[in-house]
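Data first, discussion second: the structure below is written as C-alpha cells.
Number of protein chains: 2
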Amino acid sequence: MIKRVTSFDVAERAGVSQSAVSRVFSGASASKDTATKVRAAAAELGYRPNVLARSLITGRSRIIGMVFAYLGNPFYPDALERFSRVLQDEGYHTLVFTVPETADDTDIDRVVQQMLDHQVDGMILASVGLSDALAARCEAAGIPVVLFNRGQTGSGLAQVTSANRAGGRKVAEFLLAGGHTRIGHVSGWQGSSTGRDRTEGFLDALAEGGQEPVGVEDGRYTHEDAVKAADKLAGAGVDALFVGNDHMAFAVMDHLRFTLNLRIPEDVSVVGYDDVPMAAWAGYSLTTVRQPVGRMVKTTVQALINQIEDKSAQAEIEEIDGPLILRGSARKPEGLQ
Amino acid sequence: MIKRVTSFDVAERAGVSQSAVSRVFSGASASKDTATKVRAAAAELGYRPNVLARSLITGRSRIIGMVFAYLGNPFYPDALERFSRVLQDEGYHTLVFTVPETADDTDIDRVVQQMLDHQVDGMILASVGLSDALAARCEAAGIPVVLFNRGQTGSGLAQVTSANRAGGRKVAEFLLAGGHTRIGHVSGWQGSSTGRDRTEGFLDALAEGGQEPVGVEDGRYTHEDAVKAADKLAGAGVDALFVGNDHMAFAVMDHLRFTLNLRIPEDVSVVGYDDVPMAAWAGYSLTTVRQPVGRMVKTTVQALINQIEDKSAQAEIEEIDGPLILRGSARKPEGLQ
DNA sequence: GTGAATTTTGCACACCTATGCAAAGCGCCG
DNA sequence: CGGCGCTTTGCATAGGTGTGCAAAATTCAC
Chain Z
1 MIKRVTSFDV AERAGVSQSA VSRVFSGASA SKDTATKVRA AAAELGYRPN VLARSLITGR
61 SRIIGMVFAY LGNPFYPDAL ERFSRVLQDE GYHTLVFTVP ETADDTDIDR VVQQMLDHQV
121 DGMILASVGL SDALAARCEA AGIPVVLFNR GQTGSGLAQV TSANRAGGRK VAEFLLAGGH
181 TRIGHVSGWQ GSSTGRDRTE GFLDALAEGG QEPVGVEDGR YTHEDAVKAA DKLAGAGVDA
241 LFVGNDHMAF AVMDHLRFTL NLRIPEDVSV VGYDDVPMAA WAGYSLTTVR QPVGRMVKTT
301 VQALINQIED KSAQAEIEEI DGPLILRGSA RKPEGLQ
Chain L
1 MIKRVTSFDV AERAGVSQSA VSRVFSGASA SKDTATKVRA AAAELGYRPN VLARSLITGR
61 SRIIGMVFAY LGNPFYPDAL ERFSRVLQDE GYHTLVFTVP ETADDTDIDR VVQQMLDHQV
121 DGMILASVGL SDALAARCEA AGIPVVLFNR GQTGSGLAQV TSANRAGGRK VAEFLLAGGH
181 TRIGHVSGWQ GSSTGRDRTE GFLDALAEGG QEPVGVEDGR YTHEDAVKAA DKLAGAGVDA
241 LFVGNDHMAF AVMDHLRFTL NLRIPEDVSV VGYDDVPMAA WAGYSLTTVR QPVGRMVKTT
301 VQALINQIED KSAQAEIEEI DGPLILRGSA RKPEGLQ
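Have a look at this one:
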C-alpha cells in the first residue's frame with residue numbers, strides 16, 4: 001500500500017500552501033496562476049481530494065441513502081437505475097440498502113440508523129415505511145427523508161407517489177365501460193398505502209357504477225399469493241380482474257392461461273398497475289395504469305435536494321397522475337379500438 | 001440543525017476520557033465498569049460514532065463500490081440484492097453506480113475514479129470492464145477489484161463467472177441429442193467475455209457433433225437486437241435457437257410466437273442462459289443454463305474480502321459450473337422426460 | 001507614484017475518532 | 001510489604017481537508 005498523496009504534498013510541489021490547494025479543488029477563489037500550478041502538481045502526483053476528510057469538515061457527505069424492499073418487481077430496478085443516474089448528475093452518490101420483504105420496523109430502523117451513521121445528506125425509502133421514532137431521529141439530525149411510492153399519513157415525511165386512488169378509479173371505470181359484470185380484485189398488499197389507495201379508488205368507482213366486486217383478495221405483492229388469490233377469484237367466476245401491480249398481473253395471467261385454461265381477454269380481462277417494460281411485451285400485452293417512473297424519480301430527487309439545501313423547506317406530498325395504457329389483456333369498450 | 005453529539009460529550013457525561021469512549025465503541029479493551037457507564041451516557045445523549053471520522057483515521061471505509069451496466073436484465077437486480085445482503089452481513093455497505101449501456105472506457109473510468117475518491121475498500125464490477133490504466137490505479141491505491149460475470153484476460157483482475165464455455169457446450173450437446181438439424185444462435189454481445197465464451201463453447205460442441213450453425217447473430221444483450229437476430233435466423237429456417245441470455249430469449253420467444261406464429265418447441269426449440277426466476281414462469285417455461293447466482297455472489301464477496309484483509313492475496317479467477325435446466329421451451333432427446 | 005479597494009495567500013484551527021505510549025491501577029506471590 | 005506482570009486509563013497526536021482571519025499582493029483611479 002503506497003502512501004496516500006495529500007494536499008500538503010501537492011502544495012509543496014507547487015510551491016504554495018495547503019489551503020491554496022484546497023481552494024483550487026473546492027472551487028473557491030484562487031488566482032489563475034496558482035490554479036494552474038496546483039493542477040499541474042496534482043496531475044503529476046496523481047492527487048485527488050479525500051472525500052472523507054472533506055465530508056468530515058463540511059458536514060455534508062453528498063451521499064444519499066436508499067432503501068429498497070424487493071427488487072424482484074422490475075419497477076424497482078428501473079427506479080433504482082434512474083435514481084442512481086439522476087443523483088449522479090446532481091453530484092450525489094447512492095448508498096443502497098435492502099431490507100427483507102418481511103421486514104418489520106426493527107429491520108428498517110436498523111438500516112436507517114446505519115445510514116445516519118454514514119452521515120448521509122438525505123434518504124430515499126422506496127416502498128418502505130419508517131417508525132415514528134426513527135422519523136423523529138432523522139428530523140433531529142436534520143436529515144431529510146422522502147418516501148418513494150409509499151405514503152405514510154401523519155408522519156410528516158415528504159412523499160412521492162402516483163395518483164393511486166385516481167388510478168384505481170380509472171381501472172374500474174374502464175372495466176365497467178367494457179361491460180364486465182363479474183369483477184374481481186387481486187389487491188396490492190393492504191399493509192401499504194399504495195395497495196390500499198388503489199383498492200379504495202377502484203372499489204369506490206365500482207360502487208358508483210352500481211357494482212359490487214365478486215371478491216377482493218390480498219396478493220401481498222408476491223407471486224405466490226397473487227396466484228392463490230387469482231385461483232380463488234377465478235373459482236368464483238370472474239370476467240375481469242384488476243391486479244394491484246404488473247408483477248403480480250403476470251403471475252395471474254400465467255395461472256389463468258396455463259393452469260386454468262382460460263383465454264385472455266375473451267374469458268377474463270386482466271388489468272395491472274405500473275406499466276413496467278415487460279407489460280408491453282407481446283407475451284403479456286398488459287393493459288395497465290402507467291406510473292411515470294421518470295417523473296416520479298425526478299420529483300423525488302428534487303424534493304430531497306430542496307430539503308437538503310433549504311432546511312426550512314416544507315416536506316411536500318406529491319401525487320403524479322398516470323394514464324391507463326390500453327393493450328390486449330382486457331376487453332375494450334364498444335367503439336373504442 | 002442540532003449540534004452533533006461527539007465522543008467528548010459522552011466522555012464528559014460518563015466521567016471518563018474520550019479515548020475510553022472510543023475504545024468501548026470500537027470493541028477494544030475496556031473494563032466492564034467504564035463500558036456500562038459509557039453505554040449509559042451514550043444512550044442518554046443518543047450518541048453514535050461518526051463513521052466518516054472513523055474511516056478517515058483507520059483508512060478503511062467498510063464501503064464497497066459496485067458498478068452495474070444495466071438492471072433491465074433481471075439477473076442483475078437479483079445479484080444486486082444478494083450482494084447488498086451478503087455485504088451487509090459482513091459489515092460492509094454498498095455504494096452503487098450505474099453506467100450507460102453504451103458506456104465506453106471513459107464513462108467507466110470516471111465512475112471508478114469517483115469510487116476511489118470515496119475511499120472504498122474494494123470494488124465489484126458487474127458485467128463491466130476496466131481500462132488497464134484504471135486497473136493499475138486501483139492496484140496502486142491498494143483497492144481490490146473483482147469482476148462479476150465478466151472476464152478480462154491479462155488484466156490481472158480477480159473475476160467470478162459461471163463456466164460459460166462449458167455451459168455453451170451443454171446447450172449444443174442437448175440440442176444435438178434432441179435431433180435438431182438446423183440450429184441457430186442469437187449470441188450474447190461479442191464484446192463481452194461471457195458472450196464470446198458461451199458462443200465459443202456452443203460452436204465447438206456443435207462442430208464436434210458434425211454440425212455447422214445455420215447462422216450466428218449478435219443480440220448484443222438488448223431486446224431489439226435479439227428480435228432482429230431471431231427474425232433473420234427464423235427466415236433462414238431454424239429448428240432450434242440458443243439465445244445468449246434469458247432476457248433476450250424471452251424477447252425471441254415472443255417474436256417467434258406472436259409475430260411469426262411459430263410454435264415452441266414444436267417448430268423451434270429455444271434455450272436460454274441464466275435461469276432468472278421468470279424462466280420458470282408458465283408463460284415461458286424456458287430451458288436454460290443456470291447461473292448459480294447465490295454461489296457466484298458469495299464467491300465474489302469472499303474473493304474481495306480475502307484481498308481486502310490480506311493485501312498479498314492472489315487475484316483469483318473462479319468459474320462456477322451450472323446445470324442445464326430442462327423445461328418446456330426445447331424439445332427433449334428421446335427417452336428423456 | 002500614492003492611497004484605497006479588492007483579490008489572493010498563508011496561518012492556524014476545526015471536524016471527530018483511533019491509537020501509541022507511558023502512567024496508573026490491580027491482583028498475586030514470595 | 002516489595003516487586004512483578006497484566007490490564008485499564010488518559011494524554012496527546014494523527015488522519016486530510018475546509019475556512020475565518022489577517023497580512024500580503026494586486027488592481028485601479030487619480
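Protein chains in written order, with the UniProt record's numbering: chain Z, 1 to 337; chain L, 1 to 337. Each residue gets a CB set at the ideal place from its N, CA and C atoms; glycine is no exception.
Excluding residues up to 5 positions away in sequence, Ser55 and Ser61 lie with their Cβ nearer than 7 Å to the Cβ of Gln119/L in the same chain. Taking Tyr221/Z as reference, the option from Pro213/Z, Arg198/Z and Leu206/Z with the minimal CA-CA separation is Arg198/Z.
For Leu241/Z, the enclosing beta strand (DSSP E) covers residues Ala240 to Val243. In summary, the residues of the region 282–309 of chain Z whose CB is separated from some CB of chain L by less than 9 Å are Ala282, Gly283, Tyr284 and Ser285, in the order they occur in the chain. Shown here, Val216/L sits in a strand according to DSSP, grouped into three states.
Bridge pairing for His93/L: Ile63/L [DSSP]. Judged by DSSP secondary structure, Asp274/L falls within the beta strand (DSSP E) whose first and last residues are Ser269 to Asp274. Bounds of the beta strand (DSSP E) holding Leu147/L are Val145 to Phe148. Within the UniProt domain "HTH lacI-type" (5–58) of chain Z, the residues whose Cβ lies closer than 8 Å to some Cβ of chain L are Gly46, Arg48, Pro49, Asn50, Val51, Leu52, Ala53, Ser55 and Leu56, listed in chain order. With three or more CB-CB distances shorter than 8 Å, the region 76–90 of chain Z counts as touching the region 67–84 of chain L. Look at Ile108/Z here: in three-state DSSP terms it is helix. Within the same chain, Cβ atoms closer than 8 Å to the Cβ of Leu71/Z are found at Pro77, Leu80 and Thr98, the five residues on either side in sequence being excluded.
Ala11/Z: member of the alpha helix (DSSP H) spanning Ser7 to Ala14, first to last residue.
Under the 9 Å criterion on CB atoms, His118/Z is classed as interfacial with respect to chain L.
Here Asn149/Z is near Met296/Z, since their CB atoms are less than 9 Å apart. Listed along the chain, the chain Z residues whose CB falls inside 9 Å of the CB of Phe97/L are Ser84, Gln88, His93 and Thr94. Residues of chain Z with a Cβ closer than 8 Å to the Cβ of Phe258/L are, in chain order, Ala282 and Gly283. Remark: fewer than three beta-carbon pairs, one from each stretch, lie closer than 8 Å, so the region 228–236 of chain Z and the region 138–152 of chain Z are not flagged as touching. Ranked by Cα distance from Gly188/L, the first of Glu200/L, Arg182/L and Thr6/L is Glu200/L. Non-local C-beta neighbours of Ala205/L in its own chain, meaning closer than 6 Å and more than five positions away in sequence, comprise Arg169, Ala172 and Glu173, ordered along the chain. Each of Val21/L, Ala14/L, Ala303/L and Ile57/L was checked against the Cα of Glu316/L, and the nearest Cα belongs to Ala303/L. For the region 208–219 of chain L, no residue has a beta-carbon sitting nearer than 8 Å to a beta-carbon of chain Z. Listed as beta-bridge partners of Thr98/Z by DSSP are Phe68/Z.
Taking CB atoms only, Leu241/Z has no neighbour in chain L less than 9 Å away.
With respect to the C-alpha of Gly184/L, the residue from Lys32/L, Lys311/L and Leu233/L having the closest C-alpha is Leu233/L.
DSSP places Glu81/Z within a helical segment (H, G or I) once states are collapsed to three. Residues of chain Z with a Cβ closer than 7 Å to the Cβ of Glu81/L are, in chain order, Leu71 and Thr98. Beta bridge pairing from DSSP links Ala126/L with Phe68/L and Phe148/L.
Neighbourhood of Asp254/Z in chain L, by CB distance below 8 Å: Trp281, Ala282 and Gly283, in chain order. Bounds of the alpha helix (DSSP H) holding Gly168/L are Asn164 to Ala177.
In this structure, the CA atom of Thr102/L is about 53 Å from the CA atom of Gly210/Z. In the DSSP assignment, Arg290/L falls within the unbroken beta strand (DSSP E) covering Thr287 to Arg290. For Pro213/L, the number of other beta carbons within 10 angstroms of its own is at least 16, and it is reported as buried. Close partners of Pro144/Z in chain L (Cβ separation under 8 Å) are lacking, with about 11 Å as the shortest Cβ gap. Within the DSSP secondary-structure output, Ala158/Z pairs in a beta bridge with Val146/Z.
Around Glu318/L, the same chain offers Val160 and Thr299 as residues with beta carbons nearer than 6 Å, after the five sequence neighbours per side are excluded.
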